[in-house]
Amino acid sequence: MPKTPQERRALLLRRLAPARGAEPAREPEGAAQGPGTAVAREPEGRNSGDGSQAPATCAQQGLWFLDQFDPEQAPYALPLAFRLRGQLVLPALRRALDGLVARQASLRTTFVDDDGEPRQQIAPARPVPLVVEDVSAIPEEARETELRRRLAEEDRRVFDLADGPLFLVSLLRTAPQEHVLLLNVHHIVFDGWSLGVLVQELGEAYGAAVRGEKYRPTPPAMAYTDYAWWEQDWLDGDKCRAQYGYWRRNLEGLTALELPTDRPRPSSASTAGDSVRFRLSTRQRDDLVRMSAEERVTPFMLLLAVFQIVLARTTGQRDIAVGSPMANRSLPETQELVGYFVNSVVLRTDLSGAADFSEVLRRVREVALGAYENQNYPFSRLVAQLEPDRDPARSPLFQVLFVMQEESWEQDEWHGLSVELMGSPATTSMFDVGLSVSMSVHGVSGDIRYRTDLFDRSRMERLAEDFAHVVERVTRDAGADLTELLA
C-alpha cells in the first residue's frame with residue numbers, strides 16, 4: 002500500500018477513473034434508461050440475496066479507498082442518539098431491531114477486497130447484539146456529561162469495513178421511564194434519507210411487537226445491491242456521458258475558495274472539527290418562505306444565494322463554488338431503502354456584474370436546476386476524470402459545503418413511547434467549512450461545522466452573524482444592491 006499522500010492520491014485516481022479514451026457504450030435495448038426508471042429484471046448471474054456479493058457503488062468505492070489509505074481516520078461514523086421517554090418494552094425493541102436489519106440488507110453489509118476492488122458482502126440476518134447499561138444512578142448533571150462524552154467518542158469511532166459490523170446499537174437506562182438508544186453506522190451504508198426510513202420502520206415494528214402482532218411489511222421492491230448493478234449499467238449509457246459533459250463544461254477553470262484562516266494551512270488536511278450553532282426566528286422563516294414564492298425559487302436556492310454572498314464577502318472572490326449533497330434517489334424503488342445513495346454536486350455561481358440580490362437569485366436558480374438535472378454522475382468519478390490540481394490540505398473541487406433540510410425529522414412516537422433525536426457533538430469536519438440549515442415551523446436552525454486546525458470559533462461565530470444579517474437584509478428588499486451586500 003502506498004505510504005505518502007501523493008502516492009495514495011495517485012492510486013485513488015487510477016482506481017476511480019474509467020479507462021482513458023473509453024466512451025460509454027450505448028444502452029442495450031430493454032436496459033434501465035436512467036433516473037426514474039426501475040430495474041426491470043435482475044440480470045443473469047446477479048444475486049442480491051443473503052451471503053451474496055455485488056459490486057460497490059461509485060460512492061462506496063470512494064469511501065472504501067479512502068479507508069484503505071488511512072484506516073485510522075474516523076470522519077465517516079454517523080452516531081445517532083434517540084431519547085426514549087415512557088414505558089419501554091425491551092423485548093419489543095429487540096424484535097424491532099432484528100426486523101429492521103433483516104429487511105435492510107445494507108445494515109449487514111461488509112466489504113471484501115477483490116483484487117484491489119471493493120465488493121459488497123451481504124451477511125445472513127441474525128439477532129442484533131444490543132448492549133444494555135443502567136446509568137440511572139449517576140447524578141443528572143454528570144449523566145448528561147457522560148452522554149455527551151460517549152457521543153463524542155462514537156463520532157470518532159473507527160469501523161472495520163471488512164469484518165464489520167457497520168451498524169452498532171446500545172441502550173442506556175437513564176431513569177425508570179427514560180432511555181437513550183444509541184446507534185452508530187458507517188456512512189458507506191447509510192445517508193441522511195436513511196434516517197427517516199430507519200425511524201419509520203423501527204417505530205412500526207416496535208408498535209407491532211408491543212401489541213403482540215407480527216410485523217409483515219411489503220418487501221422492498223429492490224435491494225441496494227440491485228441499485229449497484231443498475232448503476233453499472235447506467236455508467237455505460239448515453240445519459241451518463243451527457244451528465245459528464247455538463248460537469249466538465251461547468252467546472253472548467255474552477256479555483257479554490259481562499260477563506261481567511263487563523264492559522265497557516267497545514268501540508269495535509271486534518272479532520273478535527275467543531276461547530277457553531279445559531280437560529281433564525283419564526284418571522285425570518287416566514288419572510289424566507291414568502292420571498293421564495295415571490296421570486297419563484299426554493300428556500301434552498303434563496304439560502305444558498307445568501308451563503309454564496311457571505312463567502313464572496315469573506316474571501317473577496319466572485320466565482321463561488323460550494324458542494325452540496327443530493328439525495329440521488331431518482332428511482333422510486335430506492336426511496337424505501339437504507340443505503341448510501343447521496344451524491345455531491347458542485348454549485349458554482351459567478352457573482353460578477355450582478356446588480357442586486359434578485360439577479361444573484363436568478364443565477365443561483367439556473368445553477369441549482371442544472372445540478373438537479375445532472376446529480377447522478379458520481380462525484381468520485383468526476384474528480385478522477387477532471388483531475389483538478391490536488392492539494393493534500395484541501396478537498397477537491399470544493400472546500401465549503403452547504404446542506405439544507407426542510408421539516409427535518411426530530412421526534413416521533415412509538416406506541417406510547419416518545420422518541421426524540423438528540424444532537425450529536427461535532428468532533429470532525431471533512432471540509433474547511435460546512436453550513437447545515439434546517440427549516441421547521443419554529444424557525445430556521447443553522448450549524449456551521451469547521452476545521453479547528455484552520456479556524457478559531459470566534460471567526461465562525463462572525464460568519465454565522467454575517468449570514469443572519471444578509472438574510473435579514475435581503476428578505477426586506479430583494480432588490481438590495483449587491484455592492485452594499487458585499488461591503
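Every position in the sequence shown, counted from 1, becomes a number in the working numbering once 1 is added.
We put the beta carbon where it would ideally sit given N, CA and C, even for glycine.
As the structure is a computational prediction, the values presented were derived from the model and not from experiment.
Should R349 and N251 be called a contact, given that it needs their Cβ atoms to be closer than 8 angstroms?
A contact, by the Cβ cut-off of 8 angstroms.
Taking one C-beta from the stretch 233-248 and one from the stretch 378-393 each time, how about it: are there three or more such pairs within less than 8 angstroms?
Yes, since at least three Cβ pairs between the stretch 233-248 and the stretch 378-393 fall closer than 8 angstroms, the two stretches touch.
Rounding to the nearest angstrom, what Cα-Cα distance links W235 and C241 in this structure?
C-alpha separation (whole angstroms): 6 angstroms.
Counting only the same chain and skipping the five closest in sequence on each side, list residues whose C-beta sits under 6 angstroms from that of L81.
Same-chain partners within the cutoff: L184.
Out of curiosity, what's the CA-to-CA distance linking D156 and G354?
C-alpha separation (whole angstroms): 43 angstroms.
Per DSSP, what kind of secondary structure is G340 in: helix, strand or coil?
G340: coil per DSSP, three-state reduction.
Is it buried or exposed, S269, if we count other Cβ atoms within 10 angstroms and call 16 or more buried?
Exposed: under 16 other Cβ atoms inside 10 Å.
How would you write the range of the alpha helix (DSSP H) that T262 sits in, first residue to last?
That residue, T262, is in no alpha helix (DSSP H); it is neither H nor E in DSSP.
Which of helix, strand or coil does DSSP assign to Q406?
Looking at Q406 - three-state DSSP - the assignment turns out to be strand.
L108 to L101, Cα distance in whole Å?
Going by the C-alpha atoms only, they are around 9 angstroms apart.
For F70, does the three-state DSSP call read helix, strand or coil?
Residue state, collapsed to three classes: helix.
Measuring only the C-alpha atoms, how far is P300 from G197?
The alpha-carbon atoms of P300 and G197 are separated by roughly 21 angstroms.
Do S419 and T226 have their beta-carbon atoms positioned less than 8 angstroms apart in this structure?
The answer is no: Cβ separation not under 8 angstroms.
Between which two residues does the beta strand (DSSP E) harbouring Y451 extend?
444-452 is the extent of the beta strand (DSSP E) around Y451.
Give me whichever residues DSSP pairs with P56 in a beta bridge.
Beta-bridge pairing links P56 to R120.
Looking only at its chain, what residues have a beta carbon closer than 7 angstroms to the beta carbon of S359, apart from the 5 residues adjacent to it on each side?
The answer, listed in chain order, is E296, A479, G480.
Take every Cβ of the stretch 321-338, pair it with every Cβ of the stretch 395-407, and state whether three or more of those distances are shorter than 8 angstroms.
Cβ pair count under 8 angstroms is three or more, so yes.
Is any heavy atom in the ligand SAH found nearer than 7 angstroms to the beta carbon of E334?
As far as ligands go, the structure on display features none, and thus does not contain the ligand SAH.
Mark S381 as exposed unless 16 or more other C-beta atoms lie within 10 angstroms of its C-beta, in which case mark it buried.
The residue in question, S381, is buried, as its Cβ has 16 or more Cβ neighbours within 10 Å.
Roughly how many angstroms separate the alpha carbons of D457 and L98, rounded to a whole number?
C-alpha separation (whole angstroms): 41 angstroms.
In chain order, what residues of the same chain have a beta carbon less than 6 angstroms from the beta carbon of D482, not counting five sequence neighbours either side?
Only D357 meet the Cβ criterion.
Pair every Cβ in the stretch 333-351 with every Cβ in the stretch 277-290, then say whether three or more of these pairs are closer than 8 angstroms.
At 8 angstroms Cβ cutoff, the stretches do not touch.
On the three-state DSSP scale, how would you describe A41?
Unreliable positioning characterises A41 in this predicted model, as indicated by a pLDDT of 35, which lies under 50. A coordinate reading is not provided.
By Cβ distance, which residues of its chain are closer than 7 angstroms to T262, with the 5 residues on each side in sequence left out?
Within the same chain, T262 has close Cβ partners L455, F456.
Between which residues of its own chain and Q244 is the CB-CB distance below 7 angstroms, once the five residues before and five after are set aside?
Hits under 7 angstroms: N375, N377, Y378.
Which of helix, strand or coil does DSSP assign to T315?
In the structure shown, T315 sits in a helix (DSSP, three-state: H, G or I).
Touching or not, the stretch 164-177 and the stretch 193-210, by the rule of three or more beta carbon pairs under 8 angstroms?
No: the two stretches stay apart, fewer than three of their Cβ pairs being nearer than 8 angstroms.
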